[in-house]
Amino acid sequence: ATLVRVVKNANTLGIAIEGGANTRQPMPRIVTIQKGGSAHNCEQLKVGLVILEVNGISLRGREHKEAARIIAEAFKSKEKDYIDFLVVE
Amino acid sequence: VREKRLTLPPSEITML
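Protein chains in written order, with our numbering: chain A, 116 to 204; chain B, -10 to 5.
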């Protein structure tokens, strides 16, 4: 697994995720990266990567909506100007 | 395991 730090340097994170507990894709996977988003700007996140953790919070066993909420809240949070993703191919 | 996965529903996609 790789730790990727995404700096919040754009209005949007700019990723689309698919997957979550009780679906064919058990862990959230990046299916799209939008140009101009923070994820695209960091140049380390790639389509196809599976997200294991967000800021140390494990996404294992979480339903899709909950995993998406955790990522969205991490991006909206004013505590940090970055998000740490633990990802795997 | 593969059969079990195939019986699971496909996941939705969320843009963040």
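We treat Cβ as the ideally placed atom computed from N, Cα and C, and that holds for glycine.
Contact with chain B by residue i, beta-carbon distance below 8 Å
i                : result
ILE132 (chain A) : yes
ARG120 (chain A) : no
GLY151 (chain A) : no
THR138 (chain A) : yes
ALA125 (chain A) : no
GLY176 (chain A) : no
ILE148 (chain A) : no
Inter-residue CB distance, residue i and residue j (contact presumed, cutoff 8 Å)
i                : j                 : result
VAL202 (chain A) : ALA116 (chain A)  : 7 Å
ALA198 (chain A) : VAL121 (chain A)  : It should be pointed out that residue 198 (chain A) corresponds to Ile in this sequence rather than to Ala. The Cβ separation is near 5 Å, so the contact holds.
LEU160 (chain A) : GLU204 (chain A)  : That pair is no contact at about 12 Å.
THR138 (chain A) : LEU(-3) (chain B) : 6 Å
ALA182 (chain A) : ASN156 (chain A)  : Not quite, the Cβ-Cβ distance comes to about 22 Å (not below 8 Å), so this is no contact.
Beta-carbon proximity of residue i to residue j, cut-off 8 Å
i                : j                : result
PRO143 (chain A) : ILE172 (chain A) : no
GLY129 (chain A) : GLY152 (chain A) : yes
LYS123 (chain A) : PHE190 (chain A) : yes
GLU194 (chain A) : ILE2 (chain B)   : no
VAL162 (chain A) : ILE185 (chain A) : no
is_contact[residue i, chain A] using C-beta, thresh 8 Å
i                 : result
GLU(-8) (chain B) : no
8 Å Cβ cutoff, residue i in contact with chain E
i                : result
LEU128 (chain A) : Checking the listed chains, one finds no chain E in this structure; the protein chains it contains are A and B.
For the stretch 132 to 160 of chain A, list the alpha helix (DSSP H) runs that are entirely contained and at least 4 residues long, ordered along the chain.
153 to 157
What are the complete beta strand (DSSP E) segments, minimum 3 residues, inside the stretch 162 to 203 of chain A?
165 to 169 and 197 to 203
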